[in-house]
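Asker: Okay, handing you the structure first.
In our numbering, the protein residues as written are 5 to 200.
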């Protein structure tokens, strides 16, 4: 005999079983009603208020984070634009670097009244950039002290981005002349991945 046949057989024969089933259903319904009243599915009013406060705090925190991110993005964009302007204004392009820098150094030397005695140039890639190269120029000049001071001043005020990274001055044995070896650094802009 199957279970459904047994239940049907007992229900029909014994009214006590039917009353027990009805009472069982009523107890379950009362328990469900009690759960709904004492512990609502969405939570009590206090629980909902606590949850609302917590969600508002999370929203405020997320809004502050978003505002900070917007400020950072604006600063990054401004820095990128200013960096690009700096590069176009002060960093020479690869094609014209040697002639422009040599021309500038010769003009400054002539205006300062110093005598160039030789130079050497070295190019090295800038680490972390695929378009910038560092050009190191070693120049030797000979002149009296006032003329060398004028040379240094003019190099400092040059329109090219020239950095005096080292300077060694030695007096000549005769006269009031000094021999100065300058190491100048500047930067060169090239195409990505290009070799100079």
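Ideal Cβ positions, reconstructed from N, Cα and C, are used throughout, including at glycine.
#1: Leaving out five residues before and five after residue 192 in sequence, what residues of the same chain have Cβ atoms less than 8 Å from its Cβ?
#2: Cα separation between residue 53 and residue 65?
#3: Measure the alpha-carbon distance for residue 189 versus residue 166 and round it to whole angstroms.
#4: Using the C-alpha atoms, what's the distance from residue 103 back to residue 155?
#5: What's the C-alpha gap between residue 152 and residue 176?
#6: Please confirm whether residue 144 and residue 123 have their CB atoms less than 9 Å apart.
#7: Can you list the alpha helix (DSSP H) stretches of 4 or more residues lying completely in the stretch 129 to 200, in chain order?
#8: I'd like to check one pair, residue 184 with residue 146: are the Cβ atoms closer than 9 Å?
#9: Closest by CA to residue 119, which one among 33, 105, 77, 149?
#10: If you draw a straight line from the C-alpha of residue 3 to the C-alpha of residue 91, how long is it?
#11: By the three-class DSSP mapping on this structure, what secondary structure does residue 28 have?
#12: Within 10 angstroms of its Cβ, does residue 105 collect 16 or more other Cβ (buried), or is it exposed?
#13: Confirm, please, whether the CB-CB distance from residue 141 to residue 89 is below 9 Å.
#14: Relative to the ligand FMN, is the shortest distance from any of its heavy atoms to the C-beta of residue 106 smaller than 8 Å?
#15: Identify the residues that DSSP records as bridge partners of residue 96: which are they?
#16: Which of helix, strand or coil does DSSP assign to residue 122?
#17: Is residue 20 helix, strand or coil by DSSP?
#18: For residue 27, which residues of its own chain have a beta-carbon under 7 Å away from its beta-carbon, when the five flanking residues on both sides are left out?
#19: Report the option in 60, 22, 84, 194 whose CA atom is closest to the CA atom of residue 130.
Answerer: This is what the structure gives:
#1: 95, 96, 97, 98, 101, 127, 136, 137, 138, 139, 200
#2: 18 Å
#3: Whole-angstrom Cα-Cα distance: 6 Å.
#4: 19 Å
#5: 14 Å
#6: Taking 9 Å as the Cβ cut-off, residue 144 and residue 123 qualify as a contacting pair.
#7: Correct list: 149 to 160.
#8: yes
#9: 149
#10: As displayed, the chain neither begins before 5 nor continues past 200, which places residue 3 out of reach and without an answer.
#11: It is helical.
#12: buried
#13: no
#14: Here there are no bound small molecules, and the ligand FMN is not part of this structure.
#15: 192
#16: strand
#17: helix
#18: none
#19: 194
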